[in-house]
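In what follows, a single structure is set out as structure tokens and then discussed.
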Ligand code: ATP
Ligand code: MG
């Protein structure tokens, strides 16, 4: 155990530390990350990954990667590959412990037979609708199935015939015989196996019955000799059934411990819902930079460090909360501020002609690569007679507090000269400003005036003849409301129509000519950007990772002023979310999911 570790503690770590003290699992810590391969991982999974792999790492233990592939119809090898790639990218590794729930189908079948033989499971003919009716409600106990007291022999025979494929989907199910009056609805004779004539990506056509999540998951944990089985809060009510199966089967028994899911404002965290966006063409794919998926964030320019840092900062709690996107953005800015080189790029170009600058002259000026890190050095940027600046750095009639370029006004060009606007050229028909004529003061080379006169603005610029063309994609939040899944109508009605803006006339300084895919930069005054894989020899494409504007700094400052010197991530966590009660009385976070099943577990 690494007691020197500086990462903050949380209630999960406290449990692990106590178990280590009492030698509960012979001093072992063994966790697992159990994704269902029915989609790409999202930032919520990153939180779980940081917990599962992170805790194992911190206490010298192991963490398995286990694909929870008990649902043959939803699984896809593309997801299995992508999930592994994402975990590795985040910086975690499962070594040689890559498992599949389907590896244990034989064993699970044997355990089911054992339950039948001990009178603790039965084959039931009720259909899905009837099972639901018989289950009762939170206020009313359920009714026992008329098939509950079948003989052990008959149950064994029917279960065997289910396995052999003699029956249609849904004709029978295997159920645990527990208690139809249990206050916990999950304990009212839960399903163990259902018939599903479907091809499985690993076991092929060997099986036509598949185990349900509640039966399978605890056995997977037990077989792998997991010590701490961390999962999200919606499985709280499943813990009793987790314990019941392992106790009744008298097998090795890990401990299930629940923590709160991560929910982020203005986005959604559900693979199933994200799949709808992909399939419906609302986004360009799972890795669309607007998606909250790990692959989307990666493509957008997020670093693994920033995501891990974010997961650390949000902490781990026992109650649901919703986290502000600003915190995630704060984490990536903090990281890129230190390591992304700064360059000049004009996104919406306006041509500037320096009338008194010689026609064919080119000067190479020194520019600092990152003032935060002098070791990153300096580079040369060419300056010449025709330049580009941003359209919105000029106003013909500047409003109050607009200090940038305007007719008759002088500003500084970064690393270059003071220039003064002497003439504005406009399109005759549209009245749009098409170019500016300026003069420069040769004595201000490098950006300072020898006579001590001041200017109020410094603009970035690019030399027109040397510039590199690029496409730049600007992203905004994917949804227009904080919690799209809490709405009564379709969450897709709340997609932000302006979540993507494509600029195709951008002009970059020449040092970017050979930028390669994935490279990250700060475009001075504009934000952090990275090179998108859509780039070709003909055209560089950049994604805006995040703007420079930092609302989070403001929030922090305001909090400090109010003398709230509590841990600020705790502040975020405590932001109230309203719990909702669904018909079975189960708690679930309003953003997320139906709490009934792990996955689509209809019979
Ligand atoms: P989804 O609804 O997005 O499919 P899931 O819970 O069904 O999510 P799994 O593939 O079963 O996804 O999840 C693997 C692990 O990740 C589980 O332990 C689950 O609890 C955890 N997890 C999923 N979503 C979140 C989240 N938003 N925050 C924290 N952990 C999460
Ligand atoms: Mg799921």
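Numbering (my numbering), first residue to last: 1 to 603.
Beta carbons: idealized from backbone N, C-alpha and C, even for Gly.
Everything numeric in this text was worked out from a predicted model, so none of it was measured.
Residue 265 CB to nearest heavy atom of the ligand PLP below 8 Å: Among the ligands present in this structure, namely the ligand ATP and the ligand MG, the ligand PLP is not found.
Residue ranges of each alpha helix (DSSP H) within the segment 75-117, 4 or longer: 77-90, 105-117
Bridge partner(s) assigned by DSSP for residue 316: Answer by DSSP bridge pairing: none, since residue 316 is not bridged.
Which of helix, strand or coil DSSP assigns to residue 178: coil
Residue 201 Cβ short of 8 Å to the ligand ATP heavy atom set: The nearest non-hydrogen atom of the ligand ATP is 8 Å or more from the C-beta of residue 201.
Buried or exposed (CB count within 10 angstroms, at least 16 for buried), residue 37: By the C-beta density criterion, residue 37 is buried, having at least 16 other C-beta atoms within 10 angstroms.
Close Cβ partners of residue 306 (< 7 Å) along its chain, the five nearest in sequence each way excluded: 331, 332, 335
Residue 42 beta carbon near the ligand ATP (any heavy atom closer than 8 Å): yes
CA-to-CA distance, residue 296 to residue 286, given in whole angstroms: Across the structure, residue 286 and residue 296 are spaced so that their CA atoms are roughly 7 Å apart.
Residue range of the beta strand (DSSP E) that includes residue 507: 500-508
Start-to-end residues for the beta strand (DSSP E) that takes in residue 164: From DSSP, residue 164 is part of no beta strand (DSSP E) but of the alpha helix (DSSP H) over 152-164.
Cβ pair count under 8 Å reaching 3, the segment 350-358 against the segment 270-282: Judged by Cβ distances under 8 Å, the segment 350-358 makes no contact with the segment 270-282, as fewer than three pairs qualify.
Three-state class that DSSP yields for residue 300 in the structure shown: helix
Residues that residue 124 bridges to, as DSSP identifies them: 173
Every unbroken beta strand (DSSP E) inside the segment 361-403 [3 residues or more]: 363-368, 378-383, 386-390
Proximity below 9 Å, CB of residue 232 to CB of residue 48: yes
Residue environment, residue 543, which counts as buried when at least 16 other CB atoms sit within 10 Å: buried
Rounded straight-line distance, which links the Cα of residue 253 to that of residue 222: 6 Å
Other residues of its chain near residue 372: CB distance less than 8 Å, five sequence neighbours each side excluded: 337, 338
Span separating the alpha-carbon of residue 145 from that of residue 290: 48 Å
Proximity below 9 Å, CB of residue 385 to CB of residue 419: no
For residue 401, the nearest candidate out of 461, 457, 122 (CA to CA): 457
Rounded C-alpha distance that separates residue 226 from residue 177: Straight-line Cα distance between these residues: approximately 26 Å.
Distance cut-off 8 Å: residue 39 Cβ against heavy atoms of the ligand ATP: yes
DSSP bridge partner residues for residue 345 (one or two, in chain order): 508
Alpha carbon of residue 239 to alpha carbon of residue 158, nearest angstrom: 29 Å
Sequence-distant residues of the same chain with beta carbon closer than 8 Å to residue 512, five excluded per side: These residues qualify, in order along the chain: 343, 345, 468, 470, 521, 540.
Residue burial classification, residue 545 (beta-carbon count within 10 angstroms, cutoff 16): buried
Beta-carbon proximity list for residue 8, same chain, < 6 Å, skipping 5 on both sides: Excluding sequence neighbours, residue 8 sits near nothing in its chain.
Meets three-Cβ-pair contact criterion under 8 Å: the segment 446-460 and the segment 477-492: The segment 446-460 makes no contact with the segment 477-492, as fewer than three CB pairs between them are under 8 Å.
Neighbourhood of residue 421 by C-beta distance below 7 Å, restricted to the same chain and skipping five residues each side: Same-chain partners within the cutoff: 405, 406, 407, 408, 409, 436, 438.
Segment limits, beta strand (DSSP E) that includes residue 522: 520-523
First through last residue of the alpha helix (DSSP H) which encompasses residue 46: 43-58
Local Cβ density within 10 Å of residue 195, reported as buried at 16 or more and exposed below that: buried
Distance between residue 183 and residue 138 (C-alpha atoms, nearest Å): 7 Å
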